[in-house]
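Visitor:
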Amino acid sequence: MKLDPIINQPVIETERFDLRPLRRSDKGLIEMCGGDERVARMTTSIPHPLPPGTIEAFIARVTDPDRVEDAWAMDGTKSGGSEVMGVISLLRMDRNQSEVGYWVAPIYWNTGLASDAVWALVNANPLDNTTMFASVFQDNPASARVLIHCGFEYLGDAESFSVARDATVPTWTYSRKL
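Start counting the sequence shown at 56; every next residue gets the next number (my numbering).
Have a look at this one:
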């Protein structure tokens, strides 16, 4: 029998959901929701279609004791939602900074879930960062509004490669001093 490792990562509670560390049992829901082409195309790192083993490798990477990225499931079971309504992460950078990344399952779009998750992560500041950054594709203005709503300020335009699109895509970059 193989048990999930104990992750040194906090659970962040909100009224309607918890941000909790990922576990191996999240694989199926992450594949179903994160593998949706509409979701994958708005991220830099989720391929579409998902190759076998992609989600297992992601979960293993973010639960490894020597990880550089912490990821949380947006778990709505306390309010009748799904165990995985989306995923939010912090990628460690130098100088006590992190990059926020997130996606929300399409069924929860336009419900305020993304804003609530980003707010919760910023307010908890689990890595004790001085600054958080985030980038969104310019054809995803809803994600830009989430960041602005959560106190992020526009820094400038850039480009990032999207695996699902197999293309470099223009982005807007934001930062939030903590």
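Cβ atoms here follow ideal geometry from the backbone N, Cα and C, with glycine treated the same way.
Below 8 Å, can you find three or more Cβ-Cβ pairs linking the stretch 207-222 to the stretch 109-116?
Guide: no
Visitor: Which residue or residues does DSSP assign as beta-bridge partners of V154?
Guide: Residue 154 sits at position 99 when you count from the first residue of the sequence shown. Residue identity check: residue 154 is Glu in the sequence provided, not Val. E154 is bridged to L146 and F188.
Visitor: Put S137 into one of helix, strand or coil per three-state DSSP.
Guide: Within the sequence shown, residue 137 is the residue found at index 82, counting from 1. For S137, the three-state secondary structure derived from DSSP is coil.
Visitor: How many angstroms separate the CA atom of G89 from the CA atom of I101?
Guide: Locating residue 89 in the sequence shown gives position 34, where the first residue counts as 1. Locating residue 101 in the sequence shown gives position 46, where the first residue counts as 1. Cα to Cα, G89 sits roughly 7 Å from I101.
Visitor: Is T226 near the ligand SAH - that is, is its Cβ less than 8 Å away from at least one heavy atom of it?
Guide: The ligand SAH is absent from the structure shown, which contains no ligands of any kind.
Visitor: State the Cα-Cα distance for the pair I143 and D73, rounded to the nearest angstrom.
Guide: Residue 143 sits at position 88 when you count from the first residue of the sequence shown. Residue 73 sits at position 18 when you count from the first residue of the sequence shown. Note on geometry: alpha-carbon atoms of I143 and D73 lie some 11 Å from one another.
Visitor: Report the option in T185, R71 and D194 whose CA atom is closest to the CA atom of R220.
Guide: Indexing the sequence shown from 1 puts residue 220 at position 165. Relative to the Cα of R220, the nearest Cα in the group T185, R71 and D194 belongs to D194.
Visitor: Hey, quick one: how far does the alpha helix (DSSP H) through D91 stretch, first residue to last?
Guide: One-based indexing of the sequence shown puts residue 91 at position 36. Run containing D91: none; DSSP gives neither H nor E here.
Visitor: Flag this pair as touching only if the stretch 78-95 and the stretch 130-145 have three or more C-beta atom pairs under 8 Å; answer yes or no.
Guide: Of all C-beta pairs linking the stretch 78-95 to the stretch 130-145, three or more are shorter than 8 Å, placing the two stretches in contact.
Visitor: Grouping DSSP H, G and I as helix and E and B as strand, with all else coil, what is F207?
Guide: The residue labelled residue 207 in the question sits at position 152 within the sequence shown. Here F207 sits in coil by DSSP.
Visitor: To which residues of the same chain is V201 closer than 7 Å at the C-beta, ignoring the five residues directly before and after it?
Guide: Against the sequence shown, residue 201 aligns to sequence position 146. Hits under 7 Å: A169, S170 and V173.
Visitor: I think E124 touches L145, with their Cβ atoms under 8 Å apart; what is that distance to the nearest whole Å?
Guide: Position 69 of the sequence shown, counting from 1, holds the residue named residue 124. Position 90 of the sequence shown, counting from 1, holds the residue named residue 145. E124 to L145, Cβ: 7 Å. Contact.
Visitor: I think I67 touches A175, with their Cβ atoms under 8 Å apart; what is that distance to the nearest whole Å?
Guide: Taking the sequence shown and counting its residues from 1, one reaches residue 67 at position 12. Taking the sequence shown and counting its residues from 1, one reaches residue 175 at position 120. I67 to A175, Cβ: 5 Å. Contact.
Visitor: Between the beta-carbon of G141 and the beta-carbon of V159, is there less than 9 Å?
Guide: Walking along the sequence shown from the start, residue 141 turns up at place 86. Walking along the sequence shown from the start, residue 159 turns up at place 104. Yes. Within cutoff.
Visitor: If I follow the unbroken alpha helix (DSSP H) through V117, where does it start and stop?
Guide: Within the sequence shown, the letter at position 62 stands for residue 117. Run containing V117: T109 to T118, per the alpha helix (DSSP H) assignment.
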